[in-house]
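In the numbering used here, the protein residues as written are 58 to 298. Just so you know, even glycine gets a beta-carbon here, dropped at the ideal spot from N, CA and C. Please read all numbers here as calculations on a predicted model, not as lab measurements. Here the structure is laid out as structure tokens; the discussion comes afterwards.
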């Protein structure tokens, strides 16, 4: 997830970001660099600049929280470390992605650790969690059932919590159809402790966004996509007006 990779430049002096190979901390591989989807920050900036609002109880306005868009990235390791990584999981073909429907069974393997007992994972010998659920809706990043090409927000019933971001979402054939990116969570205290809202709806970014990064053509559709954002944002009030 791009929002995880952003921490690469926020770690401070003396800290290192690593990816873990198979089994134990002896297989740690240092991250040498990264590439975020070029529209990740542009989408975030457009959302914040408009500041979408909805009328709340008594007529008071309340900000609308986004589900995030283009929230994918590549981590890069040194060429000599590449053989320490596990074999890549297959990305689903575009034909399989556009054929996805609500109700399809999906799963992910990852590390949801936020607020979990014992920290959620043993860092010396990590054991991943396996979750299985279903797709609940396929939309664009404004929850609209757009053209098939723009239905890149996979809404699902898989339980997520901090730490799950970046996990591969798999279909029944073991293909990666998405990247787990967030969920409907709410802060319950001043310390920022978050818990699920109970809606049973969480989010992933469709895997064709990863394919764009790997192919090097992620920026080509930028102008067309940004025009869609502006049309969608105009459905809402905004804090400027």
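Could you say which of the options lies nearest to residue i if we only look at CA atoms?
i, options, result
"residue 224", "244, 273, 247, 128", "128"
"residue 208", "94, 93, 282", "282"
"residue 193", "163, 135, 59, 63", "163"
"residue 243", "97, 183, 122", "122"
"residue 270", "94, 138, 144, 88", "94"
"residue 219", "240, 210, 235, 202", "240"
"residue 159", "113, 84, 202, 246", "202"
"residue 149", "232, 115, 141, 125", "232"
"residue 91", "130, 153, 147, 84", "130"
"residue 77", "100, 170, 142", "142"
"residue 73", "284, 273, 134", "134"
"residue 295", "161, 109, 84, 118", "109"
"residue 140", "200, 277, 85", "85"
What's the gap between the Cα of residue i and the Cα of residue j?
i, j, result
"residue 300", "residue 196", "Here the chain covers residues 58 to 298 and nothing more, so residue 300 does not appear."
"residue 186", "residue 279", "36 Å"
"residue 87", "residue 222", "19 Å"
"residue 61", "residue 229", "27 Å"
"residue 58", "residue 173", "21 Å"
"residue 63", "residue 156", "32 Å"
"residue 198", "residue 260", "10 Å"
"residue 71", "residue 138", "21 Å"
"residue 182", "residue 268", "31 Å"
"residue 66", "residue 132", "13 Å"
So, using beta-carbon positions, are residue i and residue j closer together than 7 Å?
i, j, result
"residue 216", "residue 262", "no"
"residue 286", "residue 103", "yes"
"residue 290", "residue 107", "yes"
"residue 165", "residue 226", "yes"
"residue 9", "residue 235", "The requested residue 9 does not occur in the structure, where the chain is confined to residues 58 to 298."
"residue 257", "residue 214", "yes"
"residue 115", "residue 238", "no"
"residue 119", "residue 113", "yes"
If you scan the stretch 209 to 239 from start to end, which runs of the beta strand (DSSP E) of 3 or more residues do you find wholly inside it? 210 to 213, 225 to 227
Those runs of the alpha helix (DSSP H) which lie wholly inside the stretch 112 to 157 and span at least 4 residues: 151 to 155
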